[in-house]
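Using the numbering used here, read the sequence shown as starting at 12 and increasing by one per residue. All C-beta atoms in this analysis are idealised placements derived from N, C-alpha and C, irrespective of residue type, glycine included.
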Amino acid sequence: MANPLTPDVLVDPVELTRTLVDIESVSRQEQAIADNVEEVLRLASHLSVDRLGNTVMARTNLGRGQRVVLAGHLDTVPINDNFPSTVVDDLIYGCGTSDMKSGVALALHLAATLPDPRYDLTFLFYEAEEIDSKYNGLRLVAESRPEWLLADFAVLLEPTYGVVEAGCQGTLRALVRTTGRRAHTARAWRGVNAIHAAGDVLRRLSDYRARTVTIDGCTYREGLNAVKIHGGVAGNVVPDECVIEVNMRFAPDRTEKQALEHVHEVFEGYEVELTDSAPGAMPGLSAAPAREFLTAVGAEPAAKLGWTDVARFAALGIPALNYGPGDPLLAHAPDEHVEIGKIRDGATTLHRWLAS
Ligand SMILES: [Zn+2]
Numbered sequence: 012m013a014n015p016l017t018p019d020v021l022v023d024p025v026e027l028t029r030t031l032v033d034i035e036s037v038s039r040q041e042q043a044i045a046d047n048v049e050e051v052l053r054l055a056s057h058l059s060v061d062r063l064g065n066t067v068m069a070r071t072n073l074g075r076g077q078r079v080v081l082a083g084h085l086d087t088v089p090i091n092d093n094f095p096s097t098v099v100d101d102l103i104y105g106c107g108t109s110d111m112k113s114g115v116a117l118a119l120h121l122a123a124t125l126p127d128p129r130y131d132l133t134f135l136f137y138e139a140e141e142i143d144s145k146y147n148g149l150r151l152v153a154e155s156r157p158e159w160l161l162a163d164f165a166v167l168l169e170p171t172y173g174v175v176e177a178g179c180q181g182t183l184r185a186l187v188r189t190t191g192r193r194a195h196t197a198r199a200w201r202g203v204n205a206i207h208a209a210g211d212v213l214r215r216l217s218d219y220r221a222r223t224v225t226i227d228g229c230t231y232r233e234g235l236n237a238v239k240i241h242g243g244v245a246g247n248v249v250p251d252e253c254v255i256e257v258n259m260r261f262a263p264d265r266t267e268k269q270a271l272e273h274v275h276e277v278f279e280g281y282e283v284e285l286t287d288s289a290p291g292a293m294p295g296l297s298a299a300p301a302r303e304f305l306t307a308v309g310a311e312p313a314a315k316l317g318w319t320d321v322a323r324f325a326a327l328g329i330p331a332l333n334y335g336p337g338d339p340l341l342a343h344a345p346d347e348h349v350e351i352g353k354i355r356d357g358a359t360t361l362h363r364w365l366a367s
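Listed below in structure tokens is the structure:
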């Protein structure tokens, strides 16, 4: 089949968004879209192109002093009666319009039409962001092609509705265990009730005052919450164990280790077992390309509260942020759509920043 990403389409980020949306690319089915993207990137003489699975990388090698990454995932969540795209007034409806083919369209448009940018540019169009992280294309690149990620600054074009969202919070989950001694409830005085002991753990949680931390103008609100509780043996047994699962969301000025130490402090006297954690990412807005980016956007950054792939760059010491035309509240929704004006604004802004 002919590649729908024609030169006419590549010069218009709105047409390009629609065309990308109309190439079906549910996670693990990104081969067709990756083939099309790779093919048009290879036609651009100012780019060198490489591929890992269904992740396509293209970069300039112009000898500029600094390098910037523009990245976006090619996959979408499963189609939900919203394929192919439709246009109603100023809105493009369809699976992936917001999350994040409008963002991918901006990166691909710039890759194809900006042969002489002021920084060296690396474009990453990666697979499998919407599913288990073991498939995540950016994770696979970080593992086996880390040199593709080397840069001074990275922008992920995830939906932010044109707002700059910098850094992200870390997350950890742990099990807090209370113990007791089993006994028949008819002779309960011979036992120690572990579920009753959980009351103190829950009180510490409800009394907990979460920090609010401002870094580089971005305000992060931490949280520590019980998310599950499990205990009990039978209807006539004093239970000897109760397990409370807690989830802490922590500002990026704490490392995973420090966050865990903090959880140990909160639950001093109890057994705490870490189940999983992921680091946060500092906003890193003091790097020169980041400051110039903020000037071009002309807006104050906001904190990203959830965990995103931005943290994968932060783990490599590369400041990164999210900036994209889609509306994050519409991501994964059956009526997912993107405003055509936001796509045009995003293209104009990125062009202003990157043109020399
Ligand atoms: Zn996304």
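Neighbourhood of residue i by C-beta, 7 Å cutoff - its chain only, sequence neighbours within 5 removed
i    : result
G64  : E138, G148, L151
N91  : C106, P345
V115 : L31, G83, L85, F136, L168
R201 : A194
Residue i, DSSP secondary structure in three states
i    : result
V88  : coil
P157 : helix
V22  : coil
L27  : helix
S288 : strand
R323 : helix
M370 : No answer is possible for residue 370: the residues shown for the chain start at 12 and end at 367.
L125 : coil
M111 : helix
E75  : The sequence given here has Arg at residue 75, not Glu. Coil, per DSSP.
T360 : helix
I240 : strand
L81  : strand
H366 : His is not the amino acid found at residue 366; the sequence shown has Ala there. It is a strand residue.
R260 : strand
L63  : strand
H120 : helix
I329 : coil
L149 : helix
L341 : helix
Limits of the unbroken beta strand (DSSP E) element including residue i
i    : result
G181 : 181-190
G45  : Note that residue 45 is Ala in the sequence shown, not Gly. No beta strand (DSSP E) contains A45, which is instead part of the alpha helix (DSSP H) from 42-53.
D33  : Looking at the DSSP string, D33 is not in any beta strand (DSSP E), and its letter there is neither H nor E.
V99  : 97-99
I142 : Unbroken run through I142: none, as it is neither H nor E.
V37  : Looking at the DSSP string, V37 is not in any beta strand (DSSP E), and its letter there is neither H nor E.
H348 : 348-350
Y104 : 102-104
Residues of its chain near residue i, where Cβ-Cβ distance is below 6 Å and the 5 sequence neighbours each way are ignored
i    : result
I206 : G242, P250, C253
H84  : Y137, E140
N236 : N258
V238 : E256, N258
F134 : A69, L81, A118, A122
A292 : G178, C179, P263, V321, A322, A325
I240 : I255
A314 : C229, T230, Y231
V88  : E141, H343
P15  : T30
Close Cβ partners of residue i (< 8 Å) along its chain, the five nearest in sequence each way excluded
i    : result
A55  : A69, A122, A123, P126
E267 : G181, L183, S288, A289, P290
V43  : In the sequence as displayed, the identity of residue 43 is Ala instead of Val. For A43, where only same-chain residues beyond five positions count, the Cβ hits under 8 Å are I34, E35, S36.
L21  : L27, V51, L119, H120, A123, T124
T75  : Reading the sequence as shown, one finds Arg at residue 75 and not Thr. Taken in chain order, the residues that qualify are P128, R129, Y130, D131.
R215 : V277, F278
A209 : T189, I240, G242, C253, I255
L102 : H348, V349, E350, I351
E41  : N65, L85, D86, E138, A139
First and last residue of the uninterrupted alpha helix (DSSP H) at residue i
i    : result
R302 : 299-308
V274 : 267-277
Three or more C-beta pairs under 8 Å: does that hold for the stretch 142-150 against the stretch 243-250? Not touching, per the Cβ criterion.
Starting from the N-terminal side, write out each stretch of the alpha helix (DSSP H) that is 4 residues or longer and does not extend beyond the stretch 162-235. For the alpha helix (DSSP H) assignment, the uninterrupted runs of no fewer than 4 residues enclosed by the stretch 162-235 are, from N- to C-terminal side, 205-218.
Is it the case that the stretch 176-193 contacts the stretch 216-234, given that we only count it when at least three CB pairs across the two stretches are under 8 Å? In the pairwise beta carbon analysis, the stretch 216-234 is classified as touching the stretch 176-193: at least three pairs are separated by under 8 Å.
Give a yes or no on contact between the stretch 89-96 and the stretch 151-164, applying the rule of three or more CB pairs nearer than 8 Å. No: fewer than three Cβ pairs fall under 8 Å.
Any residues whose CB sits closer than 6 Å to a heavy atom of ligand 2? List them in chain order? Within the structure as shown, ligand 2 is missing, the only ligands being ligand 1.
Three Cβ pairs or more, each shorter than 8 Å: is that satisfied between the stretch 295-314 and the stretch 271-286? Pairwise C-beta distances place the stretch 295-314 out of contact with the stretch 271-286, as fewer than three of them are shorter than 8 Å.
Can you find at least 3 beta carbon pairs, one from the stretch 327-336 and one from the stretch 348-359, that sit closer than 8 Å? Here the stretch 327-336 lies against the stretch 348-359, with 3 or more beta-carbon pairs under 8 Å apart.
Report yes or no: do the stretch 340-352 and the stretch 103-112 share at least 3 C-beta pairs separated by less than 8 Å? Yes, they touch.
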